[in-house]
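Engineer:
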Amino acid sequence: MENTQLQKNHTPVTYLKPSKGWLSIDLKELWRYRELVYFLTWRDIKVRYKQAVLGIAWAVLQPVLTVLIFTVVFGILLKTPSQDLPYPLFTISALLPWQLFANALQRSSISLVGNANLLTKIYFPRLAIPLSAVMAALVDFGVSFFVLIGMMAYYRYMPGWNMLWLPVIILFALLTALAVGLWLSAINVQYRDVQHMVPFIVQVWMYASPIVYPIDIIPEGIWRVLYGLNPMVGVIQSYRWALLGGDQPDATMWISVLVVIILLVSGLFYFRRMEKTFADIV
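Note that the UniProt record's numbering has the sequence shown beginning at 1, numbered continuously upward.
1) Taking just the CA atoms, how far does Ala102 sit from Leu23?
2) I'd like to check one pair, Val147 with Pro63: are the Cβ atoms closer than 7 Å?
3) Can you say whether Arg240 is buried or exposed, counting buried as having 16 or more other CB atoms within 10 angstroms of its CB?
4) Can you tell me the Cα-Cα spacing of Leu131 and Ile281, whole angstroms?
5) Rank Leu164, Ala57, Ala177 and Gly75 by C-alpha distance to the C-alpha of Ser256 and give the top, closest one.
6) Using the beta-carbon count (16 or more within 10 Å), is Asp216 buried or exposed?
7) In the segment 132-192, which residue ranges form an unbroken alpha helix (DSSP H) of at least 4 residues, counting only runs that do not cross its ends?
8) For the alpha helix (DSSP H) that contains Thr41, what are its first and last residues?
9) Here's a check: name, in chain order, each residue in its chain whose Cβ is nearer than 6 Å to the Cβ of Pro159, leaving out the five neighbours to either side.
10) Grouping DSSP H, G and I as helix and E and B as strand, with all else coil, what is Ile215?
11) Leaving out the 5 sequence neighbours to the left and right, which residues in its chain are closer than 8 Å to Ile169 when beta-carbon positions are compared?
12) Only counting the same chain, and skipping five residues up and downstream in sequence, which positions put a Cβ closer than 6 Å to that of Ile262?
13) Write down the C-beta distance between Val202 and Gln106 rounded to the nearest angstrom, noting that I regard them as a contact closer than 8 Å.
14) Taking the alpha helix (DSSP H) that Ala57 falls in, what are its first and last residues?
15) From this set, Ser111, Asp140 and Val225, which residue's C-alpha is nearest Val37's C-alpha?
16) My understanding is that Gly181 touches Val134, with C-beta atoms under 8 Å, so please give their C-beta distance in whole angstroms.
17) Is DSSP giving Arg272 helix, strand or coil here?
18) Please classify Arg126 as buried or exposed, where buried requires at least 16 other C-beta atoms within 10 Å of its C-beta.
19) For Met152, which option in Val194, Lys121 and Pro86 has the closest C-alpha, if you only look at C-alpha atoms?
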């Protein structure tokens, strides 16, 4: 918590005081450090592609190769239904928001430990670190989005007015990653084995989301409600609808939205509560 005062010689002096209690989220302070968020995001992007052989081309190869494997295994061999869509298009329309979420989550979960030198030397809102890690994932998503556009042109699928919802849906995916990342990044400061668990969690989470199979195969009723507790169900379901049309997202999307709100608000409070201990433990 900052408190800036003027001395007799009009020199500004900033006093740093630890926050008290749980209700101490200061988003105005984060806004004052918005340039820091920008520079941390840009730094993460440059570090990711520095001395990389494939560079940004990996953002294209990864979804293309994944869709190829999924198409052969699930589309051709297992004959998985795809809501009357070409299976490659059906898959990549869900894979892109998933990869945005997965990349943002993995980066944010280790962001505090990876920036230990900053945490122990200078003051700034610690929330800027996981937030910048989430924002950096947008670069890969933006590049791979052209692959989806190319496949839609190949299969002659033209988006309708639903596409206007894409910015909201992308923000929904980022908030989902940030909500979970706040919890994992704060816990990872105390228990470093969390960073080893995240790749496994992401892998299991992917198959628990409607990427290689449609949500229609989940029985309606209590099972569909429980399935909606996975926040990525709402993200993927709405993303497909925005680009490829079809049935509008059902009630499971609103369940996912509610889950994300709960995770985000509770994650902000928990992160802020543990923030005062980061520099001592990391």
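Glycine included, each C-beta is placed from N, C-alpha and C at the ideal position. All figures in this text were calculated on a predicted structure; none of them were measured in a lab.
Structural biologist: Per the coordinate set shown:
1) The predicted model places Leu23 with a pLDDT of 46, which falls under 50 and marks its position as unreliable, so this point remains unresolved.
2) yes
3) Counting Cβ neighbours within 10 Å, Arg240 comes out buried, since at least 16 surround it.
4) Their backbone Cα atoms lie some 21 Å apart in a straight line.
5) The residue with the shortest Cα to Cα distance from Ser256 is Ala177.
6) exposed
7) 138-154 and 166-190
8) First-last of the alpha helix (DSSP H) with Thr41: Arg34 to Tyr49.
9) Leu243
10) helix
11) Pro97, Val235, Ser238, Tyr239 and Ala242
12) none
13) 6 Å
14) Neither: Ala57 is in no alpha helix (DSSP H) and is coded neither H nor E.
15) Ser111
16) Yes, Gly181 and Val134 are in contact; Cβ-Cβ is about 6 Å, under 8 Å.
17) helix
18) By the neighbour-count criterion, in which a residue is buried when 16 or more other Cβ atoms sit within 10 angstroms of its Cβ, Arg126 is buried.
19) Pro86
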